[in-house]
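Visitor:
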Amino acid sequence: MSVILSPSLLAADFSALAQEVKRAEAAGAEYLHLDVMDGIFVPNISFGPCVISSIRPHTRAVFDVHLMVTEPARCLRDYVSAGADIITGHYEACSDPAETLRRIRASGVRAGLSVKPATPPEAVRSLLPLCDLLLVMSVEPGFGGQKYIPASTERIRTFRQMIDSDAPQCLLEVDGGINAGNVREVTGAGVDVIVAGSSFFGADDYTEAARLLRG
Ligand code: DX5
Ligand code: ZN
């Protein structure tokens, strides 16, 4: 199976979002990665359901919503109504991650779980059967344009093995600092979905950026 590309809108031109999402889809992006930040779980604020629902009519791409918010279970309905297809919450942000994953699935969308770089893989192993997607952060969440943390590659290999043995339905996604120079390393370690912000929306030609990111 070839890798799925999920460009992160955080690096797009916010004054022209409809055009940006159309260009990303035309470049072959299957997913669109939507980074929601609350200024509490992470020290930054991005956008919320109003922005997501306003771009929904402009693309058929899968909306891959990455909630960097405290207790994501509180706001699921808003993101489902806005047009999310996958909702990912952070393990570190949930008082009851298993219940959060169950609630995401019950709301009719795919359920994702994200882990920060310092969270041990064993901590989430028992949750994998409840996940449709595991999002491995390869930078500290909060900002685009950071440098890939090299130890992430080994973590991806570990998660790949866990998923293959315990939860074959679960996609493995990597997020943070992915570019044409390191994409082979992460796909070689076994990821299914690549998030790319600055290396995609920072390019002049998105089709060429997509080609480079597919290795
Ligand atoms: C960081 C976000 C990422 C970010 C990726 O908190 O979760 O999705 O936008 O951007 P790049 O690819 O520039 O690291
Ligand atoms: Zn993200």
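Under my numbering, the final residue of the sequence shown carries the number 744; numbering is consecutive throughout. Ideal placement from N, C-alpha and C gives every residue a C-beta, glycine not left out.
With DSSP collapsed to three states, give me the class of A640.
Guide: In the sequence shown, the residue the question calls residue 640 occupies position 111. Three-state result, A640: strand.
Visitor: Where I685 and P586 are concerned, what is the direct C-alpha to C-alpha distance, given to the nearest angstrom?
Guide: As a working note, residue 685 is residue 156 in the sequence shown. As a working note, residue 586 is residue 57 in the sequence shown. Near 34 Å, if we compare the C-alpha coordinates of P586 and I685.
Visitor: Which residues share a DSSP beta bridge with M691?
Guide: Here the question's residue 691 lines up with position 162 in the sequence shown. According to DSSP, M691 bridges with nothing at all.
Visitor: Using only the alpha-carbon positions, how far apart do A553 and A652 sit?
Guide: Numbered from its first residue, the sequence shown carries residue 553 at position 24. Numbered from its first residue, the sequence shown carries residue 652 at position 123. Their backbone Cα atoms lie some 35 Å apart in a straight line.
Visitor: With a threshold of 7 Å (Cβ to nearest heavy atom), would V668 be considered close to the ligand DX5?
Guide: Along the sequence shown, one-based indexing puts residue 668 at 139. Because some heavy atom of the ligand DX5 lies under 7 Å away, the Cβ of V668 counts as near it: yes.
Visitor: Could you check whether the Cβ of V724 sits closer than 7 Å to any heavy atom belonging to the ligand ZN?
Guide: Here residue 724 refers to the residue found at position 195 of the sequence shown. Yes - the ligand ZN has a heavy atom lying nearer than 7 Å to the Cβ of V724.
Visitor: Under the rule that 16 or more other beta-carbon atoms within 10 Å means buried, what is T736, buried or exposed?
Guide: As a first step, residue 736 must be located in the sequence shown, where it is residue number 207. By the 10 Å Cβ count, T736 comes out exposed.
Visitor: For F730, which residues from the same chain have a beta carbon less than 6 Å from its beta carbon, with the 5 sequence-adjacent residues on both sides left out?
Guide: Within the sequence shown, numbered from 1, the residue matching residue 730 stands at position 201. Excluding positions up to five away in sequence, the list reads A540 and A541.
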